[in-house]
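Residue numbers are given in full-length UniProt numbering: position 355 of the sequence shown equals residue 355, and the series is strictly consecutive. One structure is given below, encoded as structure tokens.
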Amino acid sequence: MSHNPIPRPFSLRGPLRGHARVPGDKSISHRALILAAMAVGDSRIEGLLESEDVIATVAALWSMGAQVGQDSNGNWAVSGVGVGGLLQPETALDMGNSGTSARLLMGLVASHAITATFIGDPSLSRRPMNRVIEPLSKMGAEFSVTPGGRLPLMVHGRVPAVPIEYRLPVPSAQVKSAVLLAALNTPGVTRVIEPERTRDHSERMLKAFGADIAIEEAGSERIISVTGEAELRPQNLSIPGDPSSAAFPIVAALLVPGSDILVQHVGINETRTGLFEVLKEMGADIVFENEREVGGEPVADIRARHSVLKGVDVPPEIAPRMIDEFPILFVAAALAEGETKTSGLGELRVKESDRLATMASGLKQFGVQLDEREDGLTITGSGGEKIKGESAMPEIRTSLDHRIAMSFAVAGLASEGGVLIDDISPIATSFPSFPPMLADLGAIAP
């Protein structure tokens, strides 16, 4: 990824109005590509997110034998190698900034007779991989790892791998998915027990591709079982819009007086709608319209209008359902009436950046009153008044984190003078069309 160190401005031209489309869901896009590569035959994927993160997955699958490319209509076609059919890659697999690519593909490789080296950009190389390494090692894979469990690392796959029963120590859809992908080429039954429900895109898609998967509810726990060795069938898929991306224009509309926007074709899987539930509790005017099902995933058009928000205590148990959306929630909290308290967010310390520290630092530049703790932020909002920076247009350091950059772009729209973002190029990892979309809705974006 190339980075542009020239600060770019985001400020308001007028109320945000109109229709918007957000890119295809990132989580579903990764999983669609991986399972299509594991099927025997040709799959077709409509609406795939064409971001740097997802293209990292495309390149890795291509280097391991799958044929992946676009047709004349812009849809993606994947000719799979079948479970067990991955080829030895000739070069290291470059994950760029994509933790999802790294963790899911480590699971895929773990039960194949190949050795793969995973590398990433400086941001990804700071993120620990031990939570994935632990269960995959129990299945027999061997790892050569940089100190601290970070990239670069080498995975030596085990065939046959050993089926395990693994209880997630902390909720993590990526760790769960890595184990389930490894289970596809593992004889017998592999079980993952999750104490709290996390996003279930992997389970839905495994079922769609014909995997032998079973899900049991045991009190508050879910037990997901996959029986290998699997034979997956190719599919035609349509990827809904990413709710994590939709969060940015929706919160912007809530905060800017006079705004009324409709974000179309957004996935509303209940494991991903935690942010919308919290915002509604804060008083947000958010309505799901034209609810429907597309490719096994619930979808709706989401209307958002300017709202007077009130601070709330966000329960820690909702965190797995909105972990990527907390940065933009912090921006909403900064303009709400009263205090918003969050906790149980230690995982945000090890995302693309330390998102708690980076958001706290940036919000302070806008004069926002807050208390930073090890596992969360308590924010005292402005009561709907525009936030005002220490300078006419504060310059925010984003630590090469796409969600930080977009969150502060939204903060700039709700401020008196706008904001300068130190580097907007990381936005391309998940939402390449973000700046022009804001401009179309009524913002001034680079």
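Where is the CB? At the ideal position from N, CA and C, for every residue including glycine.
Residue 303 places its beta carbon less than 7 Å from that of residue 289.
Shown here, residue 146 sits in a strand according to DSSP, grouped into three states. Between the C-alpha atoms of residue 75 and residue 106 there is a straight-line separation of about 26 Å. DSSP places residue 402 in the helix class (H, G or I) of the three-state scheme. Where residue 55 is concerned, the enclosing alpha helix (DSSP H) starts and stops at 52 to 63. Cβ contact annotation for residue 112 (same chain, cutoff 7 Å, sequence separation greater than five): 84, 86, 157, 159, 185, in chain order. In the displayed model, residue 365 falls within a helix according to three-state DSSP. The shortest CA-to-CA distance from residue 149 to any of 396, 370, 350 is the one to 350. Residue pairing by DSSP places residue 45 opposite 76, 237 in a beta bridge. The residues 365, in chain order, have a CB closer than 6 Å to that of residue 390 in the same chain once the five nearest residues on each side in sequence are set aside.
Excluding five sequence positions before and after residue 440, the CB atoms of its chain that fall closer than 8 Å to its own CB belong to 18, 20, given in chain order. The bridge partners DSSP lists for residue 292 are 299. When DSSP states are grouped into helix, strand and coil, residue 205 belongs to the helix group. Per DSSP, the unbroken alpha helix (DSSP H) holding residue 134 starts and ends at 130 to 138. Distance from the CA atom of residue 124 to the CA atom of residue 54, rounded to whole angstroms, is 14 Å.
Counting along the chain, the unbroken alpha helix (DSSP H) around residue 245 starts and ends at 243 to 255. By the C-beta density criterion, residue 199 is buried, having at least 16 other C-beta atoms within 10 angstroms. Secondary structure note for residue 435: its alpha helix (DSSP H) is the uninterrupted segment 434 to 441. One Cα belongs to residue 256, the other to residue 378, and the distance between them is close to 22 Å.
Classified as exposed, residue 70 has fewer than 16 neighbouring CB atoms from the shown chains inside 10 Å of its CB. Checking the DSSP bridge columns, you'll see residue 221 partnered with 218. Between residue 135 and residue 179, the gap from beta carbon to beta carbon is short of 7 Å. If the five residues before and after residue 403 are omitted, its C-beta is found closer than 6 Å to the C-beta atoms of 327, all from its own chain and listed in chain order. Between residue 223 and residue 191, the beta carbon gap of about 6 Å places them in contact (Cβ cut-off 8 Å). It is roughly 11 Å from the alpha-carbon of residue 446 to the alpha-carbon of residue 409. Close CB contacts of residue 324 within its chain, under the 6 Å cut and outside five residues either way in sequence, are with 244 (chain order). Sequence-distant Cβ neighbours of residue 388 in its own chain, meaning closer than 6 Å and more than five residues away, are 367, 416. If you draw a straight line from the Cα of residue 232 to the Cα of residue 103, it is about 21 Å long. If you check the CB distance, residue 12 and residue 261 do not come in under 7 Å.
Relative to the Cα of residue 118, the nearest Cα in the group 73, 79, 59 belongs to 59. Rounded to whole angstroms, the gap between the alpha carbons of residue 40 and residue 270 is 31 Å. Here DSSP, grouped into helix, strand and coil, assigns residue 276 to helix. Of the residues assessed, residue 57 falls on the buried side of the cut-off, its CB having 16 or more other CB atoms within 10 angstroms.
Here the C-alpha atom of residue 333 lies approximately 31 Å from the C-alpha atom of residue 101.
The straight-line gap separating the alpha-carbon atoms of residue 442 and residue 435 is approximately 11 Å. Here residue 39 carries a strand assignment [DSSP, helix/strand/coil].
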